[in-house]
Each structure stands twice: as structure tokens, then as C-alpha cells.
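Below: one structure, written as C-alpha cells.
In the UniProt record's numbering, the protein residues as written are 1 to 404.
The structure is reproduced here in C-alpha cells:
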């Protein structure tokens with residue numbers, strides 16, 4: 001039994017991570033078209049901030065929109081590097097990111113968005129000429145103002161898995177990470193356009209399209225984990241889903257919440273199934289609400305996720321909403337003690353660490369939270385919790401052996 005238990009005041013073993021988002025240049029690079037030198041200097045500055053705050057891992061987005069921050073056979077160069085999708089930036093950013101991250105003894109979690117192709121348009125012709133979505137328009141679904149790889153097409157699932165395996169094979173990453181984007185967040189009154197896909201691939205086995213959609217995502221998660229472990233058994237696989245699996249009103253085993261949407265019913269992400277089937281090494285639900293918040297209380301949700309993960313070979317980390325500090329209608333987020341209270345609550349349970357969204361927001365130091373991390377919350381160093389069920393590689397995971 002992996003009980004995931006530790007003393008509430010013991011801070012010697014704890015994931016202390018932060019998301020570094022590249023989509024729309026949220027965190028890095030700060031804008032499109034910077035020189036290689038500028039991009040590198042910016043990332044080194046961010047790493048210096050991370051180490052100053054006592055963190056021990058970064059979660060860096062390397063495939064934000066079916067593209068790549070590295071030379072890839074499964075997607076074009078990202079527009080967030082040069083401003084032009086498909087344009088070679090003149091270096092291998094991922095190799096550089098890994099080299100600098102590992103030099104500082106930090107873990108590097110490579111963050112992939114599996115399905116999303118565009119952020120604000122549905123025109124395939126605006127994609128780079130070599131984009132796989134243009135070569136396989138039958139793989140693509142338009143929903144709202146975005147394009148997605150259709151999760152229900154087996155060839156699409158296989159393509160996504162191979163694209164992740166490419167990185168696991170070619171780079172010394174410490175983990176593969178995915179966030180909360182599976183089937184798109186729903187648009188009121190608009191159905192995801194996959195009825196014909198369901199009739200072709202799912203109707204014979206699934207009476208309800210929702211069950212088939214969940215099965216598509218389950219299969220993808222299972223296949224990604226299997227591909228990672230076959231290639232490099234020591235590489236972790238973690239997902240940071242939306243904070244609510246299901247509301248109690250819809251399932252008696254769900255959380256005592258009234259969230260307007262859920263993983264299971266809206267994103268077709270059966271996060272509980274992944275935990276129970278052992279598909280993940282860690283799960284980091286985005287509990288982006290305050291303690292006591294009536295529709296979805298932080299404390300209630302931490303307890304629910306803790307009960308789901310206790311006794312299983314999976315670490316529970318919490319996605320923390322640094323972006324809400326002093327910038328939210330809920331008055332709790334204007335209290336300088338709310339965020340530290342959330343972290344203290346984590347430490348009083350079997351939660352094994354936090355991932356903060358995002359570095360840009362923490363660096364703003366809202367209500368002094370960056371200072372609190374440096375001087376108090378993360379003042380004493382901490383090791384990343386071990387996962388005894390994983391096969392360790394020869395030597396350290398964090399040795400600087402990249403050759404850029």
C-alpha cells in the first residue's frame with residue numbers, strides 16, 4: 001500500500017512547482033519574435049526567480065497548439081517563438097530549456113495540450129503548410145472559434161501518442177504533463193460536432209455518446225502512460241484536471257459541490273478512472289476556489305481528492321490559483337492569508353505539493369505572496385517526493401547531460 005502519508009509540518013519532501021505557459025506568450029517567451037539571445041535570457045531570468053522562491057520543478061508548455069518548441073515530426077514550429085508558425089527559430093528551445101533547468105537541479109515536466117490546434121480561428125489554411133491538420137482535415141473538428149483534433153478518431157489518438165513518445169525518446173524530461181483541456185469546455189447550446197464519428201466508431205459499443213467520449217479520453221490517457229513507461233520507465237506521467245470530478249447531486253460519490261461544470265459530465269475526463277486504473281503517477285486538480293467558497297470549496301475538494309488518492313500509487317498535488325490573488329470578485333482572494341492557508345491545509349493532509357499558476361502571476365508578488373514563499377512557505381529546501389513504483393534510471397534524473 002502506498003499511503004502517501006507524511007507529517008503536516010514536514011516540508012523536507014514536497015513538490016514545489018510552477019507552470020510556465022507559452023500559449024499566447026503568457027509566461028515565456030514574453031512576446032513573439034524575440035531573438036534567440038533574448039529568449040534564452042528571459043528563461044534564465046525565470047529560472048532564477050523559481051530557484052529564489054525555493055521551488056524544485058517547472059512545468060513548461062512545449063506543445064500548446066498542436067505545434068512544437070522542438071524539431072518535430074508531429075507538429076510545426078510554434079508561432080509563439082518567431083511569430084510565424086513553422087518557422088525554424090534557429091535553435092532547439094527544448095534542449096536549451098532542459099539544459100538550464102537541470103543545471104539548477106530542478107525537475108522539468110514537459111507540458112502537452114493533446115487536442116487543441118488553434119486559439120481563435122477555425123481556418124485550416126491559416127496553419128503552416130506542413131501542419132498535420134492540413135494534411136488530415138478529416139481528423140479536425142471546429143468548435144466555437146477553435147480547431148481540435150477529434151478525440152474519437154483512432155488515427156488521431158495514435159498520432160497524439162506518437163507525438164508525445166517522440167519527446168520522451170529524444171529528450172531527458174522528468175515528466176509528461178497534461179492540463180485540464182480534453183474535450184473542449186462547453187459552449188451553451190452548441191454540441192461538439194462528432195456525431196458522425198460516433199456513428200462510425202462508437203455506436204456499436206456505446207449506447208450513449210457521452211460514454212463513448214469518456215472512453216476515447218480514457219484510451220488516450222492509458223496509451224500515453226503505456227508509451228512513456230515502455231520508452232523510459234522512470235519518466236512520470238501527470239495530469240492537472242479541472243478541480244471537480246462530479247457533483248454529489250449527479251453522483252453520490254462525487255464532491256459536496258455545485259460546480260457549474262465537471263470533468264466527468266462536461267469535459268468527458270473521468271479522472272477517478274485514471275486514478276483507479278493506475279494510469280497516472282500524479283494528479284494535480286486545479287482547485288481554483290477559496291476555502292469555504294460555497295459552490296466549490298477548496299477544503300472540501302482537497303479532502304475529496306485526498307480520499308480518492310490515499311492508498312494508491314499516485315501522488316496528489318494541488319493546482320493553486322496564484323492568478324486570482326487580489327484579482328477576484330470572491331473577497332477571500334483579497335485576504336493575504338488565503339493562499340498561505342490553502343498551502344497549510346495541503347500540508348496537514350496527504351497532499352504532496354503544489355503547482356502554481358502561473359509564474360507570471362507569482363512574480364507580480366500579489367499581496368506579497370512571492371515574498372512569503374521566499375521568506376516563509378518555501379524558505380527551507382525540499383526534495384521532490386519519491387515514487388517507489390517507478391524504475392529509477394542510472395544516475396540522477398537531474399544531471400546536466402543535454403547537448404545543445
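No residue lacks a Cβ here, since even glycine has one placed at the ideal position from N, Cα and C.
- When 323, 346 and 384 are compared, the shortest CA-CA separation from residue 304 is found for 346.
- Contact between the region 378-397 and the region 71-84 is not established, with fewer than three Cβ pairs separated by less than 8 Å.
- Burial is judged here by how many other beta carbons sit within 10 angstroms of a residue's own beta carbon; residue 13 has fewer than 16 and is exposed.
- Beta-bridge partners assigned by DSSP to residue 136: none are found.
- Nearest to residue 238 by alpha-carbon distance, out of 90, 318, 363 and 75, is 318.
- Secondary structure at residue 176: strand, using DSSP grouped into helix, strand and coil.
- Listed in chain order, the beta strand (DSSP E) runs fully inside the region 89-168 are 107-112, 140-143 and 146-149, counting runs of at least 3 residues.
- Of the residues assessed, residue 90 falls on the exposed side of the cut-off, its CB having fewer than 16 other CB atoms within 10 angstroms.
- A straight line joining the alpha-carbon of residue 97 with that of residue 43 spans about 8 Å.
- Residue 234 sits close to residue 391, with the two beta carbons spaced by under 8 Å.
- Taking 8 Å as the cut-off, the beta carbon of residue 137 is found closer than this to the beta carbon of residue 124.
- Contact check for residue 231 and residue 324: beta-carbon distance about 37 Å, past the 8 Å limit, so the pair fails to qualify.
- Residue 304: member of the alpha helix (DSSP H) spanning 298-309, first to last residue.
- Collapsing the DSSP output to three states places residue 230 in a helix.
- Contact between residue 236 and residue 179 does not hold, since the beta-carbon distance rounds to 15 Å and is not under 8 Å.
- Under DSSP, residue 282 forms a beta bridge with 238 and 315.
- Counting other Cβ atoms within 10 Å of its Cβ, residue 102 reaches 16 or more and is therefore classed as buried.
- The Cβ atoms of residue 76 and residue 86 lie closer than 8 Å to each other.
- Residues of the same chain with a CB within less than 7 Å of the CB of residue 336, apart from the 5 flanking positions on each side, are 367 and 368 in chain order.
- Assignment of residue 196 by DSSP, reduced to helix, strand and coil, places it in the helix class.
- Distance check between residue 311 and each of 112, 275, 213 and 258 places 275 closest, using alpha-carbon atoms only.
- In the same chain as residue 184, and ignoring 5 residues on each side of it, the C-beta atoms closer than 6 Å to its own belong to 143, in chain order.
- One alpha carbon belongs to residue 296, the other to residue 289, and they sit about 7 Å apart.
- The residues 212, in chain order, have a CB closer than 6 Å to that of residue 202 in the same chain once the five nearest residues on each side in sequence are set aside.
- Looking at 309, 294 and 283, the one whose alpha-carbon comes closest to that of residue 247 is 294.
- Distances from the CA of residue 45 to each of 28, 245 and 61 were compared; the closest alpha carbon is that of 28.
- The residues 322, 356 and 370, in chain order, have a CB closer than 6 Å to that of residue 362 in the same chain once the five nearest residues on each side in sequence are set aside.
- A check of alpha carbon separations from residue 255 across 162, 300, 53 and 65 identifies 300 as the nearest.
- Minimum Cα-Cα distance from residue 39 among the listed residues 74, 73, 94 and 55 corresponds to 94.
- Residue 240 and residue 285 have their C-alpha atoms spaced approximately 5 Å apart.
- In this structure, the beta-carbon distance from residue 315 to residue 270 does not fall below 8 Å.
- The alpha-carbon separation between residue 195 and residue 267 amounts to approximately 16 Å.
- For residue 372, the uninterrupted alpha helix (DSSP H) segment begins and ends at 369-372.
- Approximately 15 Å separates the beta-carbon atoms of residue 112 and residue 58; this is outside 8 Å, ruling out the contact.
- Cβ-Cβ distances below 6 Å link residue 161 to 223, 224 and 227 in the same chain, with the five nearest sequence neighbours on each side left out; the list follows chain order.
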